[in-house]
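If you read the sequence shown in the working numbering, its first letter stands for residue 1, the second for the next number, and so on. Even for Gly, the Cβ is constructed at its ideal location relative to N, Cα and C. Predicted model only: the values in this text are computed from it and were never measured. Everything below concerns the one structure shown next.
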Amino acid sequence: MSGVVRVARFEEAGRPFHALLEDDGSIRPVPGDPWNGLGTPGPPRPVAGLTWLTPCSPSKIVCVGRNYHAHIAELKHEVPQEPLLFLKPPSALLPTGGVIRLPSLSRRVDYEGELGVVIGRPARRVPQGRALEHVLGLTCVNDVTARDLQERDGQWTRAKGFDTFAPVGPCLVLGLDPSTLRVETFVNGERRQSAPVSQMIFGLARLISDISMAMTLLPGDLISTGTPDGVGPLQDGDEVTVSIEGIGRLSNPVAAEEP
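Here it is as structure tokens:
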């Protein structure tokens, strides 16, 4: 299958499955996982009645901090000499439409819109010149962060790892050129972030290569590539959307943590 392909993941009657997203809004289910090949799509069917899932179910979510100069400046941090990596647990995953829960432990929770990269085949000690061969596709990510806990802890595991703090979606796009993309974030319809991916300090090939020197990236693993400037707090009742043209809109309501 050639050209740009959009693949989403759904659940029906407790069964998850992947499907191609068609231009008319219908879907065509595909067998298995996209990193094993899309196979022969089934007949078109409507999305109505299906539950959206995250487009991948990674063994790990590898995130990159401080990867845009303007974001570093707004938080008054130093520019890293190499990619600054941290992990989010898979338990933080949230699909488009899912509710971001504001934990009672934090007084400030920020949105961070980012480009996500999903791995298509194992990557271990990959040179930069071959790194992009391991990419399956691209998606939108919101690296939700408890900013006060991040500053208090000195390391980022708790601040980044709460349940619902890794919205991903709405779909996975194969065959899209990342160099032309722009990451935008909206809160209640107001644009808060907007920057081209080309402004990243460390590009996709460098990120994949560096990460693979430390850990093996497996099919379905997710890399969140860093956020541009314009981050800010979320409040109970907000709606936050990460938008990347060519991929789609990852939208999530925000609510206080349930007792």
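Just checking my contact of residue i with residue j at CB under 8 Å: how many whole Å lie between their CB atoms?
i	j	result
ALA55	THR139	According to the sequence displayed, residue 55 carries Pro and not Ala. About 6 Å separates the two Cβ atoms, so the contact holds.
ILE223	HIS69	That belief does not hold up - the Cβ atoms of ILE223 and HIS69 are roughly 20 Å apart, past 8 Å.
CYS171	ILE72	Incorrect: roughly 30 Å between the Cβ atoms, too far for contact.
SER212	ARG124	6 Å
THR225	VAL64	5 Å
LYS60	LEU87	6 Å
According to DSSP, residue i sits in a beta bridge with which residue or residues?
i	result
PHE86	CYS63
GLU11	PRO16 and THR51
THR241	PHE186 and SER251
ALA195	VAL183
LEU222	ILE61 and VAL118
GLY264	Nothing can be reported for residue 264: it is not among the residues displayed for the chain, which extend from 1 to 259.
LEU172	VAL7
ARG28	LEU20
In whole angstroms, what separates the C-alpha of residue i from that of residue j?
i	j	result
VAL30	LEU75	44 Å
LEU93	PRO16	15 Å
ARG108	THR241	18 Å
VAL62	ARG152	22 Å
ALA19	GLY116	19 Å
ASP110	ALA214	28 Å
GLN128	GLN199	18 Å
PRO122	GLN150	31 Å
GLU258	ASP238	16 Å
PRO46	GLN155	44 Å
GLY189	ILE244	15 Å
GLY279	THR227	Any question about residue 279 goes unanswered here, given that the chain covers just 1 to 259.
VAL197	THR180	7 Å
ALA205	VAL144	24 Å
Restricting to Cα atoms, I'd like to know which of the options is closest to residue i.
i	options	result
GLY220	GLU22, TRP35, GLY14 and ASP23	TRP35
GLY98	PRO167, ASP143, GLY226 and ALA195	PRO167
GLN81	HIS71, ARG66, LYS88 and LEU87	ARG66
THR216	PRO58, SER91, THR225 and PRO178	PRO58
ALA159	GLU133, ARG182, HIS134 and GLU112	GLU112
ASP177	ARG147, GLU133, SER26 and VAL187	GLU133
Note down, in chain order, each residue of its chain lying with its Cβ closer than 8 Å to the Cβ of residue i, except the 5 sequence neighbours on either side.
i	result
GLY175	SER2, GLY3, VAL4, VAL5 and GLY137
GLY32	HIS18 and GLY39
VAL135	VAL117, VAL118, ILE119, GLY120, LEU204 and ILE208
Give me, in chain order, the residues of the same chain whose beta-carbon lies closer than 7 Å to that of residue i; leave out the 5 immediate sequence neighbours on both sides.
i	result
LEU53	ARG9, PHE10, GLU11, PRO16 and PRO95
THR51	PHE10 and GLU11
ASP23	none
CB-CB under 6 Å to residue i, same chain, minus the five flanking residues each way: which ones, in chain order?
i	result
PRO89	GLY161
GLY230	ARG192 and GLN193
PRO253	VAL99 and GLU239
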